[in-house]
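Structure, as structure tokens:
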Ligand SMILES: Cc1cc2nc3c(=O)[nH]c(=O)nc-3n(C[C@H](O)[C@H](O)[C@H](O)COP(=O)(O)OP(=O)(O)OC[C@H]3O[C@@H](n4cnc5c(N)ncnc54)[C@H](O)[C@@H]3O)c2cc1C
Ligand code: SF4
Ligand code: SF4
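Residue numbers (the numbering used here): 78 to 1019.
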């Protein structure tokens, strides 16, 4: 059947909207751009995207696509490396189906929807001491639907197996639109007989596997893992046990046989203690020799990084000795506790010391230290994007498997191969399974490099098959990239059976065409333009993007925005909806292993269309002689106008003005506003106020706007804390640091203020901040003035900026502290995004945790945006509240009395969202209280 081509897209979208409702179907330019990519090297633009929210939506979409012959590609997080979640027709995104449906603690299984992120699942299971074992390194972002469809695995496969070993049942929508509960059925089970009578494809597959069991078994790969082809081997195994083990067929089928709406997964008990070791070997051969001995200890993970990989990620940055030829990352779990582990760790060290090591093994038992050891490994692939402007890590032979005892030989062969080609390559992977990830750095736009890629593709895959008897695919799936080689891997007879299976389930060829079973060359659809850009499309930023968290749609996500704003056909007007949706929280920048700053790209695009109303407001704001009296008047009359009835009127008449800021902007009558100060901070501390150039103290306090204008005690607390630490600060003249101004596209205005601040703050030894956004902005001035005369001054200032928590953490003065009259308080910390982006994460926690009156508790999601983000609360109140929902749940769970933070917008958001149920304080206020309690003073913070 001929599949419908993209140019009929309007009719398709109209039909789908009629079937599913307008909100679930998208086909605008930004949406199609964002969904044209996954984490592979390919690009295919769809006609439409459907954001399904129920099984009804799935079945209706599948039925429609089959009837009309339109290609349909299921998609979860789009982090696959093979091009399997992109397609030319309808993308069926399951991300909004993201709940746990049932958890059975005793029998240790969970029934879960396909849009749930693995890390989220495990976070929820952790409260029950349970865990889903398979752990791809992309676990922070990949979703269960994609993991099931790809038969994903990861570093801990040697202990827990791949997904196929951990699935009890899945529910699949077939091309007929019918639902199949795929579990292992006994061949004599009456339910199975019923199933066979209703589902013809099952009858076909059963007789195929029964007839061809011998051929199938003879072709089974002899390595420990394989995700190439359909898993007819699992079905053949099932038959020998008297079962038709249906999940084995669907796991790893990459959306080519049906769409999964839920999966029942086996769980394991979380280990009681874990030890991670990093071992640097001087000789690669020794790694190969050590592995069998280390495997005797039954490690839960055994990972390798070769010398090139270590060079590429930067040895000094990760403390890797310059002469290490390979590094092993090994992990041991204990179900009994840490004493067991000490013995095991000692045995591991003894084994390793028999070889020539570049340094003594690093052993980590503590979670933080262990996370640090894993960090570089987990982010390895996107990190390689930092290495070269032109040559990018290209995944085309990325997932081969050989037997574990031959992995040393394989690495040696690969190093020689790429050396002969003069190509830098990173070779790393799950050595315990013999699974190597091979990522050469190439410029595919360069003819020679392109040819090297094609040659390497054929030569390496063939060598893995012929010389090593391995598999071309361990865990990443076939997708578009290996599709050309599936036939070569299994031979025409078995490949013919795969084709037969595909035809049985998908006779019209609508389900994910071009993936897994196809004759197309792997070079079809390579995205040459994107492969010269800086983003690895790994999707890691989506996992922290608060907008994505709410909308679960790629066009409303950090990765999607990178694609959209860097596309050739980008225009502000066709993409305004999405460009204006970013909170500028910078979470994407903080997490991106490739060093991409999506928020900055968006600010640049907004700067092309500065917001007029915001421009007027900020111009007025800069004229303090006019602005401040207005604010004071508002402060003095707040008790009158800040009443629900009057606020309703204010909400109504400010609406037209705010619409000029954004379509969604409003000042809701029930939003808790901060109290404005009738006397500003500078007036309350006249002795500290200095004129430009007249310094009284080596320390300046850059209070910013909120601490000056709000009556919340934050500015006073920062000053009091500084004084307790022996520093009476100056309050030099200052203008808005620039964050909110930039957010509305007024870069010129922001720079004007920044120039003023650079001059005013010059000469101070330390510039202390209390506001998270001011801290980041001052530290970011070098970026604002990159290549301009002010850059040097900006760099000098950035080095001298310290958040109050950093100042206290580093202070040699230790003022007495005491438990407050109300006894110890349970305090949790909300880590403001801008402070995280400024690199200040440990200090606030550290200073809080050391206070005697504080029982510090870390809350879940402490590092996630709360949705305040400058003026976003006003710009899009409804979305900001949806973002806050997650934070509210985390605070509730923490059972804290106080949430401490350090950003005025976060404080407004927290106070508005918590409505007095939990106290909200600045970190400086918690400190001030502890100091004043020790002094026996009344506590002043509000
Ligand atoms: C940095 C990085 C590290 C990685 N590390 C690993 C690793 O260690 N191990 C590993 O195995 N993989 C790894 N991957 C690859 C990838 O993350 C995994 O394969 C992951 O499980 C894919 O999940 P996803 O939600 O992104 O799926 P997607 O990419 O959205 O989809 C993958 C496949 O599943 C299909 N699919 C999705 N949902 C459904 C559904 N509901 N029904 C039917 N089919 C569906 C899609 O059509 C597609 O064929 C890594 C990727 C990156 C970027
Ligand atoms: S911006 Fe960074 S984190 Fe986001 S997809 Fe690109 S490389 Fe990955
Ligand atoms: S700045 Fe925040 S909202 Fe904007 S793209 Fe990055 S993570 Fe998303």
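For glycine and all other residues, C-beta sits at the position ideal for the given N, C-alpha and C.
_Looking at ligand 1, does it come within less than 7 Å of residue 223, judged from the CB to the closest heavy atom?_
Yes, the beta carbon of residue 223 sits closer than 7 Å to at least one heavy atom of ligand 1.
*Between residue 1000 and the rest of its own chain, which residues show a CB-CB distance below 8 Å, the 5 nearest in sequence each way excluded?*
Closer than 8 Å at Cβ, skipping near neighbours: 881, 882, 906, 921, 924, 925, 977, 978 and 979.
*asked:* Between the alpha carbons of residue 94 and residue 141, how many angstroms are there, rounded?
replied: Those two C-alpha atoms are separated by around 12 Å.
*Within 7 Å: the Cβ of residue 676 and any heavy atom of ligand 3?*
At least one heavy atom of ligand 3 is nearer than 7 Å to the Cβ of residue 676, so yes.
*Can you tell which of 116, 109, 97 and 125 has the C-alpha that lies nearest to the C-alpha of residue 87?*
The residue from 116, 109, 97 and 125 with its alpha-carbon nearest to that of residue 87 is 125.
*With a threshold of 7 Å, establish whether the CB of residue 663 neighbours any heavy atom of ligand 3.*
Indeed, a heavy atom of ligand 3 lies less than 7 Å from the Cβ.
*Would residue 427 be called buried (16 or more neighbouring beta carbons within 10 Å of its own) or exposed?*
Exposed is the call here.
*Look up residue 560 in the DSSP assignment and say whether it is helix, strand or coil.*
It is helical.
_DSSP beta-bridge partners of residue 411_ = Paired residues: 350.
_8 Å CB neighbourhood of residue 220 in its chain, flanking five on each side removed_ = Counting only Cβ-Cβ distances below 8 Å, and skipping sequence neighbours, we find 153, 154, 171, 172, 175, 191, 192, 193, 194 and 195.
*How about residue 489 and residue 511: do their beta carbons lie closer than 8 Å?*
Using a Cβ distance threshold of 8 Å, residue 489 and residue 511 do not count as a contacting pair.
_With the cut-off set at 8 Å, would you say residue 281 and residue 320 are in Cβ contact?_
For the 8 Å CB-CB criterion, residue 281 and residue 320 do not form a contact.
*Are residue 753 and residue 704 closer than 8 Å when you measure CB to CB?*
The Cβ atoms of residue 753 and residue 704 do not sit closer than 8 Å to each other.
*asked:* Using the Cβ count rule (16 or more neighbours within 10 Å means buried), how would you classify residue 605?
replied: So residue 605 ends up on the exposed side.
*What does a CB cutoff of less than 6 Å around residue 1017 pick up in its chain, not counting 5 residues either side in sequence?*
Note that residue 1017 scores a pLDDT of 47, beneath 50, so its modelled location is shaky; the value from the coordinates is reported in the next line. Cβ within range, chain order: n/a, list empty.
*Under 7 Å from any heavy atom of ligand 1, does the C-beta of residue 611 make it?*
No, Cβ of residue 611 sits at least 7 Å from all heavy atoms of ligand 1.
*Of the listed residues 599, 695 and 955, nearest to residue 817 (C-alpha basis)*: For residue 817, the nearest C-alpha among the options comes from 695.
*Would you tell me roughly how many angstroms separate the C-alpha atoms of residue 1022 and residue 607, rounded to the nearest one?*
Examination of residue 1022 is not possible in this model, given that the chain is present from 78 through 1019 alone.
*Hey, is residue 213 close to ligand 2, as in C-beta under 7 Å from one of its heavy atoms?*
No - ligand 2 has no heavy atom lying nearer than 7 Å to the Cβ of residue 213.
*If you compare alpha carbons, which of 304, 383, 637 and 354 is closest to residue 365?*
Taking residue 365 as reference, the option from 304, 383, 637 and 354 with the minimal CA-CA separation is 383.
*Reducing DSSP to helix, strand and coil, say where residue 1017 ends up.*
Summary for residue 1017: the model assigns pLDDT 47, below 50, so the residue's position carries little reliability, and this model does not support an answer.
*Nonlocal neighbours in the same chain, by C-beta distance under 6 Å from residue 792, ignoring five residues either side*: Within its own chain, the residues whose Cβ lies closer than 6 Å to the Cβ of residue 792, once the five positions on either side in sequence are excluded, are 758, 780 and 784, listed in chain order.
_Exposure of residue 287, with buried meaning 16 or more beta-carbon neighbours within 10 Å_ = So residue 287 counts as exposed.
*asked:* My parser needs the beta strand (DSSP E) runs of 3 or more residues fully inside the stretch 85 to 155; what are they?
replied: Those beta strand (DSSP E) runs which fall completely within the stretch 85 to 155 and span 3+ residues are 125 to 128 and 149 to 152.
*Spell out the partners DSSP gives residue 996 in its beta bridges.*
Bridge partners of residue 996: 975.
_My output table needs one value for residue 214: the three-state DSSP class, helix, strand or coil._
Residue 214: coil per DSSP, three-state reduction.
*Roughly how many whole angstroms lie between the Cα atoms of residue 83 and residue 165?*
Because the pLDDT at residue 83 is just 47, under 50, the model does not fix this residue reliably, and the value given afterwards should be weighed accordingly. Rounded to whole angstroms, residue 83 to residue 165 spans 7 Å at the Cα level.
*Give the DSSP-derived three-state secondary structure of residue 658 in the structure shown.*
DSSP places residue 658 in coil when its eight states are reduced to three.
*Cβ-based burial, residue 97 [other Cβ within 10 Å; buried from 16]*: Residue 97 counts as buried, since no fewer than 16 other beta carbons sit within 10 angstroms of its beta carbon.
_Give me, in chain order, the residues of the same chain whose beta-carbon lies closer than 7 Å to that of residue 1002; leave out the 5 immediate sequence neighbours on both sides._
The residues are 790, 791, 794 and 1018.
*Alpha carbon to alpha carbon, how far is residue 630 from residue 215?*
Rounded to whole angstroms, residue 630 to residue 215 spans 18 Å at the Cα level.
*Would you say the beta carbon of residue 107 comes nearer than 7 Å to a heavy atom of ligand 3?*
Between ligand 3 and the CB of residue 107, the shortest heavy atom gap is not smaller than 7 Å.
*Would a C-beta distance cut-off of 8 Å place residue 904 and residue 975 closer than the cut-off?*
For the 8 Å CB-CB criterion, residue 904 and residue 975 form a contact.
*Would you decide whether residue 495 is buried or exposed? Buried here means 16 or more other CB atoms lie within 10 Å of its CB.*
By the 10 Å Cβ count, residue 495 comes out buried.
*For residue 83, does the three-state DSSP call read helix, strand or coil?*
Because residue 83 sits at a pLDDT of 47, beneath the cut-off of 50, its placement in the model cannot be relied upon, and the following sentence gives the value as read from the coordinates. Three-state result, residue 83: helix.
*Using the C-alpha atoms, what's the distance from residue 689 back to residue 737?*
Cα to Cα, residue 737 sits roughly 7 Å from residue 689.
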